[in-house]
Amino acid sequence: MNRNLQQSRNEQGANRAAAYASADVVLDGSSDEPALGAHLITQRRGYEHHGIYVGGGKVIHYAGFAKSAHRGPVEEVALEAFADGHAVAVRPHPFPKYTAEQTVLRARSRLGENHYRLLTNNCEHFCAWCLLGESRSEQVHACLTHPRTGMHALLCLASAFVGNRMKIGRAVVNAA
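Read in order, the letters of the sequence shown are residues 1 to 176 in the UniProt record's numbering.
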């Protein structure tokens, strides 16, 4: 009985993550400006990167390992830098706990924080906290409850990490 209940909970988590992803609205880069406080997503190799739109073409996000082998802080960047060449989508939240302005203030309150943790305090946790007042990540939940999903994400992250290290090494050699 307990095994069936756990399996049902795991399936609900996967269904919730899939429902979120299917409701995302891709921005048309030429004219669409996200709403203030919008939860933005860019699909990366093996994972989604998350941020909060704060107006003026700027996004606040947890940099994490986005650009280097070192953890990055919560930072404000241009939308183009956040996208890093990928399409950007808005993840709708029909019942956010905070108004758009409050969401932006919450995001700004954590600027400079440098406590990134892949499983407990990543860019998705940050966005959920800004909008909903609770730190959670559907990606992490899916990886922990579905081993194949977790292994795929781990392999993609390792590949991206090695790729970044190789780019850094080439840049150092070329600079010398």
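For each residue, glycine too, the CB sits at the ideal point set by N, CA and C. Keep in mind it's a predicted model, so treat the numbers as computed, not measured.
Query: First and last residue of the alpha helix (DSSP H) that includes R106?; Result: A100 to S109
Query: For chain E, check one thing: does any of its Cβ atoms lie closer than 7 Å to the Cβ of V26?; Result: In the displayed structure, chain E is absent; only one protein chain is listed.
Query: Does DSSP classify A63 as helix, strand or coil?; Result: strand
Query: Can you tell me the Cα-Cα spacing of S159 and I60, whole angstroms?; Result: 26 Å
Query: Since A128 is in the alpha helix (DSSP H), which residue starts that stretch and which ends it?; Result: C123 to L132
Query: Measure the CB-CB distance between H39 and R91 and report whether it falls below 7 Å.; Result: yes
Query: Given a cut-off of 7 Å, decide if S135 and H125 are closer than it, judged by their beta-carbon atoms.; Result: yes
Query: Rounded to a whole number of angstroms, what is the C-alpha to C-alpha distance between A107 and I52?; Result: 7 Å
Query: For H50, which three-state DSSP category applies?; Result: strand
Query: Just to check my reading of the structure: N122 and S137 have Cβ atoms closer than 8 Å, yes? What is that Cβ distance to the nearest angstrom?; Result: 6 Å
Query: Within 10 Å of its beta-carbon, does A87 have 16 or more other beta-carbons around it, so buried, or fewer, so exposed?; Result: exposed
Query: Helix, strand or coil: how does DSSP classify R71 here?; Result: coil
Query: So L40 is in the beta strand (DSSP E); what residue range does that whole segment cover?; Result: H39 to R44
Query: Helix, strand or coil for R136 per DSSP?; Result: coil
Query: Inspect the beta-carbon positions of V26 and A78 and report whether they are closer than 7 Å.; Result: no
Query: DSSP state of E80, grouped into three classes?; Result: helix
Query: Can you tell me which of the three DSSP states A89 falls into?; Result: strand
Query: Considering only the beta carbon of each residue, do Y47 and Y116 sit closer than 7 Å?; Result: no
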